[in-house]
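Q:
Protein chains in written order, with the numbering used here: chain A, 28 to 233; chain B, 17 to 221.
1. Mind checking which residues open and close the beta strand (DSSP E) that includes residue 55 (chain B)?
2. If you measure from the beta carbon of residue 176 (chain A) to each beta carbon in chain B, is any gap under 9 Å?
3. Do the CB positions of residue 166 (chain A) and residue 181 (chain A) come within less than 9 Å of each other?
4. Along the chain, where does the beta strand (DSSP E) that runs through residue 109 (chain A) open and close?
5. Give me, in chain order, the residues of the same chain whose beta-carbon lies closer than 6 Å to that of residue 28 (chain A); leave out the 5 immediate sequence neighbours on both sides.
6. For the segment 131–161 of chain B, enumerate the residues whose C-beta is nearer than 9 Å to any C-beta of chain A, in chain order.
7. Between which two residues does the alpha helix (DSSP H) carrying residue 175 (chain B) extend?
8. Counting only C-beta atoms, is residue 187 (chain A) closer than 9 Å to chain B at any point?
9. Flag this pair as yes or no: are the beta carbons of residue 134 (chain A) and residue 81 (chain A) separated by less than 9 Å?
10. Enumerate in chain order the residues of its own chain whose CB-to-CB distance from residue 112 (chain B) is below 6 Å, with the five nearest sequence positions on each side excluded.
11. As an exercise, report each continuous alpha helix (DSSP H) stretch of at least 4 residues that is fully enclosed by the segment 84–163 of chain B, in chain order.
12. Which two residues bound the contiguous alpha helix (DSSP H) that contains residue 37 (chain B)?
13. Report, in whole angstroms, the separation of the C-beta atoms of residue 69 (chain A) and residue 38 (chain A), which I expect to be a contact under 8 Å.
14. Here's the rule I'm using: 16 or more other beta-carbon atoms within 10 Å means buried, otherwise exposed. How should residue 212 (chain A) be labelled?
15. Could you check what DSSP says for residue 208 (chain B) in three-state terms: helix, strand or coil?
16. Name the two residues that bound the continuous alpha helix (DSSP H) containing residue 42 (chain A).
17. At least one CB of chain B closer than 9 Å to the CB of residue 170 (chain A): is that the case?
18. Please state whether the Cβ-Cβ distance between residue 130 (chain B) and residue 149 (chain B) is less than 9 Å.
19. Quick one: residues in its chain with C-beta nearer than 7 Å to the C-beta of residue 91 (chain B), no 5 flanking neighbours on either side, listed in chain order?
20. Let's see if you can read the secondary structure: which residues bound the alpha helix (DSSP H) around residue 65 (chain B)?
21. Just to confirm the assignment, what range does the beta strand (DSSP E) spanning residue 103 (chain A) have?
22. Does the separation of the CB atoms of residue 122 (chain A) and residue 149 (chain A) fall below 9 Å?
23. Less than 9 Å separating the beta-carbons of residue 92 (chain A) and residue 130 (chain A)?
24. Which chain A residues are close to residue 204 (chain B), counting only those with a beta carbon under 7 Å from its beta carbon?
25. May I have the straight-line CA-CA distance separating residue 172 (chain B) from residue 202 (chain B), to the nearest angstrom?
26. Determine the extent of the alpha helix (DSSP H) in which residue 191 (chain A) is found, giving its start and end residues.
27. Whole angstroms are fine: how far does the CA of residue 56 (chain B) sit from the CA of residue 39 (chain B)?
28. Where do the N-terminal and C-terminal ends of the alpha helix (DSSP H) with residue 81 (chain A) fall, by residue?
29. Comparing alpha-carbon positions, which option in B:106, B:174, B:197 lies nearest residue 119 (chain B)?
30. Out of B:209, B:75, B:144, point me to the one whose CA is closest to residue 102 (chain B)'s CA.
31. Consider the Cβ of residue 84 (chain B): report whether some Cβ of chain A lies at a distance smaller than 9 Å.
32. Taking only beta-carbon atoms, is residue 30 (chain A) less than 9 Å away from chain B?
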């Protein structure tokens, strides 16, 4: 068991739930959702902990409907060469919301967007929370949820219609394009659409 | 040549042949087209690896007049979709197809491009023929280079049978209809129906 667990429990008390050593040798510790930001900042900044690298953010929903949907944060301390798995349990029947850790690790930005896209978890405080894998006008829901049908909710014809009517240029935000320094060489009409914030529309849909 | 151009030997004078101008033009044009097809590779998955092997020295696509990979739809004759096509790429391949000048052909390479393959799920187009018209389907997962070459030779055969003067044998531009679809919705649903192992998976599962 990672000794960090005892130290974080001593600091945050009952915000820290059960902890267990997993098969892969990593310690997983469950923390309360409202304490997430504070605990993560403490883990990142405290001398002796220094979990400075956020390896991954993902989520797990179990087939057992009684079990919680788990947010999983994999932390790594590059200088101490140890890892810690932090989990937050959310009620899959209720509203899926948790604080964003993007203010702590900028690399969490796209990872949290992926979790939002696939599971519908809303991250409070995320600077740019929108879909990242599916297109932004995707209307069928969040594909990795257990109640999502494998082939999607719409008929194949409707899926094809929506896909063909999507604007493939609208996947990039103004910021992304300006970072890529390609914004200035875009065609004028595309620049204008991006300036208006157009994300693409589905013909015939609300 | 002998099955295209009718040869007439008049008695005592075998030194000239008669044919129609149309047949002569079709013979010249269709062979020119078939023997210098410029491919537009649209590689999305493992089929693209086999496509690269086909283009490389051992199998050598250049033997069939495909020396130049176009990489620009404006200079391409045949679109080779090598790999599965997610719905997110559907408008992209349609745009590329629309940008290609006539005459143009499409090869659907591999099980996933042809039918959706193992990816019978929410994200994948169930056969690119719901997006663009397809001339040759190459089966396989992925097809070996020989398979792709066979498909290309079949396309050569098809092109050589086309006629400039017979609109039935020539494919016209097929724009999307007012719904933005290539085919009627019920036809797309029919094409996209589950088959093989995936019929055992319930839609609501």
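All C-beta atoms, glycine included, are put in the ideal place defined by N, C-alpha and C.
All of these numbers come straight from a predicted model, not from anything done at the bench.
A: With the given structure in hand:
1. The residue labelled residue 55 (chain B) in the question sits at position 39 within the second chain. Start and end: 55–59.
2. On the first chain, residue 176 (chain A) is found 149 positions in, with the first residue counted as 1. So, interface residue.
3. For the purposes of this step, residue 166 (chain A) is taken as residue 139 along the first chain, with counting starting at 1. For the purposes of this step, residue 181 (chain A) is taken as residue 154 along the first chain, with counting starting at 1. Yes, the Cβ-Cβ distance between residue 166 (chain A) and residue 181 (chain A) is below 9 Å.
4. Translated into the one-based positions of the first chain, residue 109 (chain A) becomes position 82. It spans 109–117 - the beta strand (DSSP E) in which residue 109 (chain A) sits, taken as one unbroken run.
5. By 1-based counting over the first chain, the position of residue 28 (chain A) is 1. Within the same chain, residue 28 (chain A) has close Cβ partners 48, 54.
6. 136, 137, 138, 139, 141, 142, 146, 147
7. If you number the second chain from 1, residue 175 (chain B) lands on position 159. Element bounds for residue 175 (chain B): 161–176.
8. Counting from 1 along the first chain, the entry for residue 187 (chain A) is found at position 160. Yes, because at least one Cβ of chain B sits closer than 9 Å to the Cβ of residue 187 (chain A).
9. Translated into positions along the first chain, residue 134 (chain A) becomes position 107. Translated into positions along the first chain, residue 81 (chain A) becomes position 54. Contact: yes.
10. Here residue 112 (chain B) is taken as the residue at index 96 of the second chain, counted from 1. Cβ neighbours of residue 112 (chain B) beyond the five flanking positions: 89.
11. 106–115, 127–131
12. Walking along the second chain from the start, residue 37 (chain B) turns up at place 21. Element bounds for residue 37 (chain B): 37–51.
13. Walking along the first chain from the start, residue 69 (chain A) turns up at place 42. Walking along the first chain from the start, residue 38 (chain A) turns up at place 11. About 6 Å separates the two Cβ atoms, so the contact holds.
14. As a first step, residue 212 (chain A) is located in the first chain; it is residue number 185 there, counting from the start. Its Cβ having fewer than 16 others within 10 Å, residue 212 (chain A) is exposed.
15. Residue 208 (chain B) sits at position 192 when you count from the first residue of the second chain. Here residue 208 (chain B) sits in coil by DSSP.
16. Here residue 42 (chain A) corresponds to residue number 15 of the first chain, with the count starting at 1. Looking at the DSSP string, residue 42 (chain A) is not in any alpha helix (DSSP H), and its letter there is neither H nor E.
17. On the first chain, residue 170 (chain A) is found 143 positions in, with the first residue counted as 1. Yes, contact with chain B.
18. Here the question's residue 130 (chain B) lines up with position 114 in the second chain. Here the question's residue 149 (chain B) lines up with position 133 in the second chain. Contact: no.
19. Residue numbering aside, residue 91 (chain B) sits at position 75 when the second chain is read from its first letter. Cβ neighbours of residue 91 (chain B) beyond the five flanking positions: 54.
20. Position 49 of the second chain, counted from the start, is the residue given in the question as residue 65 (chain B). Element bounds for residue 65 (chain B): 62–71.
21. Counting from one through the first chain, the residue named residue 103 (chain A) turns up at place 76. Counting along the chain, the beta strand (DSSP E) containing residue 103 (chain A) begins and ends at 96–104.
22. For the purposes of this step, residue 122 (chain A) is taken as the residue at position 95 of the first chain. For the purposes of this step, residue 149 (chain A) is taken as the residue at position 122 of the first chain. Yes; because the gap between Cβ atoms is below 9 Å, this pair is in contact.
23. As a first step, residue 92 (chain A) must be located in the first chain, where it is residue number 65. As a first step, residue 130 (chain A) must be located in the first chain, where it is residue number 103. No, these two residues do not count as a Cβ contact at 9 Å.
24. Within the second chain, residue 204 (chain B) is the residue found at index 188, counting from 1. 183, 184, 187, listed in chain order.
25. Residue mapping note: residue 172 (chain B) aligns to position 156 of the second chain, counting from 1. Residue mapping note: residue 202 (chain B) aligns to position 186 of the second chain, counting from 1. Their Cα atoms are separated by approximately 32 Å.
26. The residue labelled residue 191 (chain A) in the question sits at position 164 within the first chain. It spans 183–192 - the alpha helix (DSSP H) in which residue 191 (chain A) sits, taken as one unbroken run.
27. Working through the second chain from its first residue, we reach residue 39 (chain B) at position 23. Working through the second chain from its first residue, we reach residue 56 (chain B) at position 40. Residue 39 (chain B) and residue 56 (chain B): Cα-Cα distance of roughly 29 Å.
28. The residue you call residue 81 (chain A) lines up with position 54 of the first chain. Premise fails: residue 81 (chain A) lies in the beta strand (DSSP E), 80–87, not in any alpha helix (DSSP H).
29. The sequence position of residue 119 (chain B) within the second chain is 103, counting from 1. Nearest of B:106, B:174, B:197 to residue 119 (chain B), Cα basis: B:174.
30. Reading the second chain from its first residue, position 86 is the one you call residue 102 (chain B). Minimum Cα distance to residue 102 (chain B) is reached at B:144.
31. Locating residue 84 (chain B) in the second chain gives position 68, where the first residue counts as 1. Residue 84 (chain B) does not count as touching chain A.
32. Residue mapping note: residue 30 (chain A) aligns to position 3 of the first chain, counting from 1. No, because no Cβ of chain B sits closer than 9 Å to the Cβ of residue 30 (chain A).
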